[in-house]
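Residue numbers (the UniProt record's numbering): 1 to 349.
Think of the CB as a built atom: it goes at the ideal place given N, C-alpha and C, for glycine as much as any other residue.
Note that the structure is predicted; figures quoted are calculated from it, not measured.
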Amino acid sequence: MTEILPDRRDAPTTAALTPPHRPDGDIHGLVNAVVYRAGRRLADIPVEEAGSWAKRPDHVVWIGLYEPDHALLATVQRQFALHPLAIEDAEKAHQQPKLEQYGDTLFVVARTAQMVDGRVAFGETHLFVGHGYVVSVRHGASRSYADIRRRCEASPDMLIQGEDYILYAVLDFIVDNYAPVLEAITEEVERIEDRVLENSLGTEAIERLYTLRRDLLRLRNAAGPLVDVCQRLEHSKLTAIDPNLQPLFRDVTDHIKRTQSEIDTLREVLAFAFEAGLMVGQMQQTVITRRLAAWAAILAVPTAVAGIYGMNFKHMPELEWEWGYYVVVAAILTACGGLFWWFRRVGWL
1 MTEILPDRRD
11 APTTAALTPP
21 HRPDGDIHGL
31 VNAVVYRAGR
41 RLADIPVEEA
51 GSWAKRPDHV
61 VWIGLYEPDH
71 ALLATVQRQF
81 ALHPLAIEDA
91 EKAHQQPKLE
101 QYGDTLFVVA
111 RTAQMVDGRV
121 AFGETHLFVG
131 HGYVVSVRHG
141 ASRSYADIRR
151 RCEASPDMLI
161 QGEDYILYAV
171 LDFIVDNYAP
181 VLEAITEEVE
191 RIEDRVLENS
201 LGTEAIERLY
211 TLRRDLLRLR
221 NAAGPLVDVC
231 QRLEHSKLTA
241 IDPNLQPLFR
251 DVTDHIKRTQ
261 SEIDTLREVL
271 AFAFEAGLMV
281 GQMQQTVITR
291 RLAAWAAILA
301 VPTAVAGIYG
311 MNFKHMPELE
321 WEWGYYVVVA
331 AILTACGGLF
341 WWFRRVGWL
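Here it is, written out as structure tokens:
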């Protein structure tokens with residue numbers, strides 16, 4: 001892409017015209033600091049000069065931070081005159097999704113999610129949006145926003161719309177990344193369902209079901225408040241949002257609502273799988289109990305007969321009978337055989 005350089009008479013310093021391209025990590029927490037003009041990437045810039053670039057007509061500064069230290073946040077705060085309370089929230093990174101306005105600056109908090117070692121890991125993104133600048137601060141589990149930047153840079157006709165379009169692109173990216181998490185959980189739930197139909201669930205599978213339900217609840221709590229955030233961006237008279245771009249946030253709202261619906265469906269499926277697993281286990285226990293009861297009833301016959309003839313009474317007529325042993329054994333076998341046939345017939349054996 002051809003670089004468009006500003007007129008020299010507009011440049012604050014010579015160094016700012018062609019700043020060196022910094023590899024990530026030169027400044028702790030700084031991922032990127034780029035200035036755009038008319039929708040096209042101009043150059044990387046030092047954070048210390050971001051404020052002066054943002055004040056230029058048709059220029060937009062996009063600064064990306066990942067778990068920045070206090071010094072870097074303080075530098076960004078001075079460049080754009082950000083509110084101290086918003087900076088404090090961005091540094092602590094334990095906030096619920098929300099939208100707040102400090103003067104002409106919007107402060108947006110969104111929760112991110114991705115699968116890490118079979119568990120849903122959550123992070124946060126804090127966005128400062130004002131005239132001519134966007135500052136994204138990421139914490140915890142979150143995919144890099146390099147893909148968003150490349151996609152925006154590949155569409156200068158959209159990026160020319162400035163900081164409002166960048167805000168939409170970031171929120172849309174966050175919501176879209178809920179989908180791989182739900183897909184991974186769906187695949188695992190389907191495998192568990194197959195196991196439920198084949199056999200009862202073990203302790204490990206039941207614990208996994210509980211963990212997935214808890215993760216889904218946390219994911220719903222992370223995604224749900226974004227509906228209110230996007231609806232406010234779409235309908236309210238916020239000075240920092242171009243009215244022509246407000247309908248873009250309706251699309252993000254629809255995505256979040258679909259995500260909520262999928263989460264609710266998965267939680268119901270998990271509840272059904274959990275209940276089905278318990279029912280299958282109870283059914284198997286019932287079958288085992290019936291078999292034990294049937295064999296106990298069969299064995300009770302010879303036990304009862306042996307108990308009778310094992311008594312130490314002197315006068316028992318059957319003891320002197322020549323065919324008594326054979327008759328008793330035949331009677332025991334007949335009774336046991338009859339009980340065995342009946343229990344097989346009713347499905348207990």
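Query                                                                                                                                                       : Result
Would you mind sorting G123 into buried or exposed? The rule is 16 or more other CB atoms within 10 Å of its CB.                                            : buried
Under 7 Å Cβ to Cβ from A294, same chain only, skipping five residues before and after it: list those, please.                                              : F343, W348, L349
Taking its Cβ as the centre, do 16 or more other Cβ atoms sit within 10 Å of H94, making it buried, or is it exposed?                                       : exposed
Going by the DSSP bridge assignment, what does W62 pair with across the sheet?                                                                              : V34, V134
Would you mind stating whether A121 and Q79 have Cβ atoms separated by less than 7 Å?                                                                       : no
I need the straight-line Cα distance from A90 to A71, nearest angstrom please.                                                                              : 13 Å
Tell me whether L82 sits in a helix, a strand or coil according to DSSP, three-state version.                                                               : coil
Grab me the residues of G224's own chain with a C-beta within less than 7 Å of its C-beta, minus the 5 sequence neighbours each way, in chain order.        : Q260
When burial is assigned at 16 or more other CB atoms within 10 Å of the CB, is H28 buried or exposed?                                                       : exposed
Since I believe V287 is in contact with I332 (beta carbons under 8 Å), could you give me their beta-carbon distance rounded to a whole number of angstroms? : About 27 Å separates the two Cβ atoms, so there is no contact after all.
Candidates F313, G132, H126, A141: which alpha carbon is nearest D117's?                                                                                    : A141
Return yes when the Cβ of I63 is within less than 7 Å of the Cβ of residue 350, no when it is not.                                                          : A query on residue 350 cannot be resolved here, the shown segment of the chain reaching from 1 to 349 and no further.
Extract the residue ranges of the alpha helix (DSSP H) inside the segment 173-226, only unbroken runs of 4 or more that lie entirely within it.             : 178-198
Per DSSP, what kind of secondary structure is L99 in: helix, strand or coil?                                                                                : strand
Given V134, which residues of its chain have a CB within under 6 Å of its CB, disregarding the five upstream and five downstream residues?                  : W62, E163, I166
Have a look at A296 and M311 and give me their C-alpha separation to the nearest angstrom.                                                                  : 22 Å
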